Amino acid sequence: MARVVVDVMLKPEILDPQGQAVQRALPRLGYTGISDVRQGKRFELEVDGPVDDAALARIREMAETFLANTVIEDFNVKVES
Numbered sequence: 001m002a003r004v005v006v007d008v009m010l011k012p013e014i015l016d017p018q019g020q021a022v023q024r025a026l027p028r029l030g031y032t033g034i035s036d037v038r039q040g041k042r043f044e045l046e047v048d049g050p051v052d053d054a055a056l057a058r059i060r061e062m063a064e065t066f067l068a069n070t071v072i073e074d075f076n077v078k079v080e081s
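Mind the numbering: the sequence shown is residues 1 to 81 in the numbering used here, read in order.
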């Protein structure tokens with residue numbers, strides 16, 4: 001069984017209020033030197049069978065139509081060994 005990870009992040013031009021809230025809180029908690037925080041989502045998919053081109057195409061389709069809102073989010077698909 002293989003694992004495929006889909007990372008979903010807001011596009012750079014979209015404001016990230018959750019990331020901004022974390023960024024503002026870090027210095028108050030003693031963590032300095034962080035200039036930007038962006039929050040995203042990570043999906044870990046356990047795939048039955050081989051992760052071939054057809055399986056990756058199906059997962060990319062799933063990410064584009066279900067896991068990510070492609071109007072405001074980008075996604076990345078990668079296979080973990």
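Don't be surprised by glycine CBs; every beta carbon is placed ideally from N, CA and C. Owing to the predicted nature of the structure, the values given are computational and were not obtained by experimental measurement.
Helix, strand or coil: how does DSSP classify M1 here? Within the sequence shown, residue 1 is the residue found at index 1, counting from 1. DSSP places M1 in coil when its eight states are reduced to three.
Using CA coordinates, which residue listed in K41, P50, A55 and D52 is at the minimum distance from L67? If you number the sequence shown from 1, residue 67 lands on position 67. When only C-alpha atoms are compared, the closest one is K41.
What is the rounded straight-line gap between the Cα of A57 and the Cα of R28? As a working mapping, residue 57 is identified with position 57 in the sequence shown. As a working mapping, residue 28 is identified with position 28 in the sequence shown. Answer to the nearest angstrom: the Cα atoms are 44 Å apart.
Straight-line gap, E13 to V6 (C-alpha atoms, nearest Å): On the sequence shown, position 13 is the one that residue 13 refers to. On the sequence shown, position 6 is the one that residue 6 refers to. If I take the Cα positions, the gap works out to 21 Å.
Please report the straight-line C-alpha distance between V47 and E61, rounded to a whole angstrom. In the sequence shown, the residue the question calls residue 47 occupies position 47. In the sequence shown, the residue the question calls residue 61 occupies position 61. Spanning the two alpha carbons is a distance of roughly 15 Å.
Where A21 falls, given that 16 or more other Cβ within 10 Å makes a residue buried: On the sequence shown, residue 21 is found 21 positions in, with the first residue counted as 1. Exposed is the call here.
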